[in-house]
Each structure stands twice: as structure tokens, then as C-alpha cells.
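Trainee:
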């Protein structure tokens, strides 16, 4: 069954690339209207090719580490799942994404039963189906377990026409969720327009091989990094697109477990490496758990020192023109973004300016008591053509917005970061509070501590 599915997805990839190859690069995009209409919310829209809105923007909501199915055998598990659905609903009630990304650890596979482990997919996507939203997944280590197959999760997702999750790289060691999605100009489809954005999804694997045991009878561990064959596919496919269209197409990437580049940036100068004035967000998982952790350079499953297994993937990321940002989860206590623009001491790969970002722990399963929420990412056609600037923020379940930054912006606004710090402090420490924020041009201009007696005021924020 796995081989058949992989063959079909390779055929789909070939057909999609063929459709892209047939596009005329000289065809102009349609003009933008003066007034921006509301987003289409129907099943028909949810199943069409992804496009920028008529207002020239495209927004993503990234949910990660949902961990559905934890403690399924007692009352705590179903209650956690109910609260996770509530968190998703509250975020989506305030945001209007064009695509939802499920960025790994959808299911707590270690608690799953072989007979019904994928039924949690239906619960996870219920808030998206109600809103006719399309989604795409990148699987994480908890989605690969002895009783849970990532291939089976993909099969379950494909029950629904809203699912864009794919699998374009064959092979047992590749994992499952390695694929790309093109985003077209308004009103266009894959049959007639050059894509203006590419979304890359990668399977960082980890966990355990499905129903496999080693000669000693123990579960067989699965490597926890993006495989080198996938890195090669990524480089070759990206280069083929640039050659076909005669230009670099801007892109974003999603992978559950962060690379060693994130850990190197986080630790190069100790805890002070992540500066809250420049990289707003929590930095509680220190040091973070990167790809290849606890795997030895000789292939043994440790514990042992980091063995550089994700170097081919990092090389691919750092050598891909137009790649704006890579979004990861896994480390529930980290929510910052850091520009990887140099060779960090101890690293063999130099960054090319790609932004490495974490999201927000979205589900009530998994470790930690940080506020639940989801990172938002908004791109505009105009900025992609000029500066590759991207706006991103975290919408918490409470409605608060924190961590608002503009990736690749050429100016630094200390007032924005000051406001971010106070908002995050208010969420984590209820004894502190803030006045109303007034948003200007997607940012915050002021914030004032009020003391312990008032509740958090509402925020005017990007996207509202």
C-alpha cells in the first residue's frame, strides 16, 4: 500500500511540474481591483489552486504540536483534545488565512492504538472544514510511531477535498510529507499562470518505524532529520523551477524539527544570543532540540554528541535563492525568529539570510503550559517583488497578538518590540497588564504597564 501511494504521488508531482513547465513566463498577471473583497469561504474555493487574494495578499495560519490523542484511556485525554479544538476555533475566529499549515506532531502517536490511531485527524480538521479552509501538513516525530503510520495519516487526510498535503519523494528513508505547493496570482490557476510563491513542506521524521522491531525485539528508531535524498530533490526541483521561469520564485518552508542552525544561533553567545529587542518571543527551551539530536555520526541511536546529519538539508536551505523563512515547531517553549545570515562558530554551513522561525504551541497535548496560539504569516505580491518582506505575528487563544515582526524589513522599530514584550509578559504573568495598543501600518506604537488590578485590554493588531 505504501509503495502504491508513493508511486501515485510521484506521478502527481510529475504532472504538476509538467503543468508548471507549460506556462508562458511572459504572461502578465491580472490587475488588482481598487477595493479588497472578503476571502471566499466555500468548498469550491477550498479545493481550487492556491492564489493570492484580489487585495494582493496571502495569509497562512500555522498550528503545531497539537498532540491529539494523548492519554486517550482516561478523561484527561478527550478534555485536552476538546480544548485544542477550542484554541483553533478562537484563533480562526480572529484571523482569515488562505491556507492553514499543520506543522507537525498532529497526533500523540505514542499513546495511539493500532486500530484507530488516525481517527484524530477528523477532530483536528473539523474547525477547518467548518470554515471551508484548505490545509497542508508537515509531519513530526510523534506522527511516526510504532502504532501510527504517517502514511496512514496522509491517507486519512485525503478523505477531505480541502487537504493539500502531499508526498513527492519516494523511498522508505525519505519520510512522507515532502512536497511543494504553488501559489498563483489572483484569478489564475496552474494551467495559465506563473506561480508567485512556492510553499515547501518537509518531513523531519523521528519517532519509530511503523510496526518494525530490531533483532532484539525492540522498536526500531527512525532518524530524526530531513533525509539527504529529500535535500537533493529540493535543490533540483527549485533549480528546475528557476530555469523554467527565468527567475527566482520567492518561497517559504515548513519542517517540524528545527535544524542545527537554529540551535547554533540560539547558543552562540549563551542565553543572550536571542535578543528580545531583535528576536521577540519566548526562549524557554534552551538549548533547543535540533535535527539529529541523540543520533551518533556512525548511525547509532545514542545518546551521543550531535553528528551533523542535517548538514545536507541545511546546505540546501542556505543555497536556495528566494527562500524567505523556515518555520518549525517541536520546541514548545520557543517562539522567536532569527535571521541566519552568516557562518556561526562551530557550523560548517553559512546562512544566506533565511529567517528561522518558531511558532506557538497550539494544542493542549504535549509538554508545557505556555499560552496556546498559532503563528500568522502574511505576504503581499508587491513586497515579494521588491523587498521579500513578510509580516508575521502570533495570535494567542485569548485574542492577544504577540511577537509581531516584519521579516527582512530594513528598519528597526523599538516601539514595536517594547509592545511585544509587554503583551507577552501580560499573557505569562497576569499580575502585569497593558493599556490599549493602537496599530499603525501593522505595528504597535506604544504600551504602558498599569499594574496588577486590571485585565488585559484589547489589541488592535495586524490583520484585524
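Residue numbers (mature numbering (1 follows the signal peptide of the UniProt record, and there is no 0)): -28 to -1, 1 to 436. No residue lacks a Cβ here, since even glycine has one placed at the ideal position from N, Cα and C.
If you run the structure through DSSP and keep just helix, strand and coil, what is residue 117?
Mentor: Of the three classes helix, strand and coil, the one that applies to residue 117 here is strand, per DSSP.
Trainee: Spatial neighbours of residue 245 within its chain, please: CB distance less than 8 Å, with the 5 preceding and 5 following residues excluded, ordered by chain position.
Mentor: Excluding positions up to five away in sequence, the list reads 237, 238, 239.
Trainee: Would you kindly report the start and end of the unbroken alpha helix (DSSP H) that includes residue 56?
Mentor: Looking at the DSSP string, the run of the alpha helix (DSSP H) that includes residue 56 is 48 to 66.
Trainee: Got a sec, what are the start and stop residues for the alpha helix (DSSP H) residue 217 sits in?
Mentor: Here the alpha helix (DSSP H) through residue 217 covers 200 to 217.
Trainee: My guess is that residue 120 and residue 84 are in contact by the Cβ rule of under 8 Å, so how many angstroms apart are they, rounded?
Mentor: Confirmed, about 5 Å.
Trainee: Would you report the Cα separation of residue 235 and residue 283, rounded to the nearest angstrom?
Mentor: Taking the straight line joining both Cα atoms gives about 13 Å.
Trainee: Since residue 234 is in the alpha helix (DSSP H), which residue starts that stretch and which ends it?
Mentor: It spans 232 to 239 - the alpha helix (DSSP H) in which residue 234 sits, taken as one unbroken run.
Trainee: If you draw a straight line from the alpha carbon of residue 257 to that of residue 265, how long is it in whole angstroms?
Mentor: Computed Cα separation, rounded: 14 Å.
Trainee: Between residue 86 and residue 35, which are expected to be in contact by the criterion C-beta below 8 Å, what is the C-beta distance as a whole number of angstroms?
Mentor: Their Cβ separation, rounded to whole angstroms, is 26 Å, which puts residue 86 and residue 35 out of contact at 8 Å.
Trainee: Give the secondary structure of residue 15 by DSSP, where H, G and I count as helix, E and B as strand, and everything else as coil.
Mentor: Three-state DSSP puts residue 15 in a helix.
Trainee: When burial is assigned at 16 or more other CB atoms within 10 Å of the CB, is residue 109 buried or exposed?
Mentor: When all chains shown are included, residue 109 counts as buried.
Trainee: Under the three-state reduction of DSSP, which class applies to residue 183: helix, strand or coil?
Mentor: Looking at residue 183 - three-state DSSP - the assignment turns out to be strand.
Trainee: Could you tell me if residue 295 is buried or exposed, where buried requires 16 or more neighbouring beta carbons within 10 angstroms of its beta carbon?
Mentor: Result: buried.
Trainee: How would you write the range of the alpha helix (DSSP H) that residue 95 sits in, first residue to last?
Mentor: From DSSP, the alpha helix (DSSP H) with residue 95 extends over 92 to 102.
Trainee: Buried or exposed: which applies to residue 52, given that a residue is buried once 16 or more other Cβ atoms fall within 10 Å of its Cβ?
Mentor: Residue 52 is buried by the Cβ-count criterion.
Trainee: Return the CA-CA distance between residue 302 and residue 68, expressed in angstroms with no decimal places.
Mentor: Each residue's Cα considered, the two are about 25 Å apart.
Trainee: Return the residue from the list 105, 125, 243 that minimises the CA-CA distance to residue 16.
Mentor: Measuring from the Cα of residue 16, the nearest candidate turns out to be 105.
Trainee: In its own chain, which residues sit with a C-beta less than 8 Å from the C-beta of residue 314, not counting the 5 before and 5 after it?
Mentor: These residues qualify, in order along the chain: 322, 323.
Trainee: For residue 352, name the three-state secondary structure that DSSP assigns.
Mentor: Here residue 352 sits in strand by DSSP.
Trainee: Ignore the nearest five residues each way along the sequence and tell me which others in residue 274's own chain have a CB closer than 8 Å to its CB.
Mentor: Closer than 8 Å at Cβ, skipping near neighbours: 266, 267, 268.
Trainee: Are three or more beta carbon pairs between the region 306 to 313 and the region 364 to 381 nearer than 8 Å?
Mentor: They touch, by the three-pair rule.
Trainee: Skipping 5 residues on each side, what residues in its chain have a beta carbon closer than 6 Å to that of residue -27?
Mentor: Confidence at residue -27 is low in this model, with a pLDDT of 41, below 50, so the placement of that residue is unreliable and no value is reported for it.
Trainee: Out of 360, 220, 287, state which residue places its alpha-carbon closest to the alpha-carbon of residue 293.
Mentor: The shortest Cα separation from residue 293 among 360, 220, 287 belongs to 220.
Trainee: Hey, residue 78 and residue 38: beta-carbon distance below 8 Å or not?
Mentor: Contact: yes.
Trainee: Would you please state the rounded distance, in angstroms, between the beta carbons of residue 346 and residue 334? I believe it to be under 8 Å.
Mentor: About 5 Å separates the two Cβ atoms, so the contact holds.
Trainee: Below 8 Å on the Cβ atoms is my guess for residue 379 versus residue 30; work out the distance and round it to an integer in Å.
Mentor: Contact flag wrong, Cβ pair sits at about 15 Å.
Trainee: Starting from residue 126, follow the alpha helix (DSSP H) in both directions and report where the run begins and ends.
Mentor: First-last of the alpha helix (DSSP H) with residue 126: 122 to 129.
Trainee: Note down the Cα distance separating residue 62 from residue 369, rounded to an integer number of angstroms.
Mentor: Rounded to whole angstroms, residue 62 to residue 369 spans 6 Å at the Cα level.
Trainee: Could you name each continuous beta strand (DSSP E) segment of 3 residues or more that falls completely within the region 281 to 321, going from the start of the chain to the end?
Mentor: Runs of the beta strand (DSSP E) inside the region 281 to 321: 295 to 300, 309 to 312.
Trainee: Which residue from 210, 300, 232 puts its Cα closest to that of residue 291?
Mentor: Of the candidates 210, 300, 232, the one whose C-alpha sits nearest the C-alpha of residue 291 is 210.
Trainee: Which residues share a DSSP beta bridge with residue 154?
Mentor: Per DSSP, 170.
Trainee: Would you give the residue range spanned by the beta strand (DSSP E) that residue 225 belongs to?
Mentor: Start and end: 223 to 227.
Trainee: With C-beta atoms as the reference, is residue 45 less than 8 Å away from residue 71?
Mentor: Cβ atoms of residue 45 and residue 71: not closer than 8 Å.
Trainee: How is residue 89 classed by DSSP in three states: helix, strand or coil?
Mentor: It is helical.
Trainee: What whole-angstrom Cβ distance do residue 372 and residue 156 have, given they're in contact under 8 Å?
Mentor: Not really, about 33 Å apart at Cβ, beyond 8 Å.
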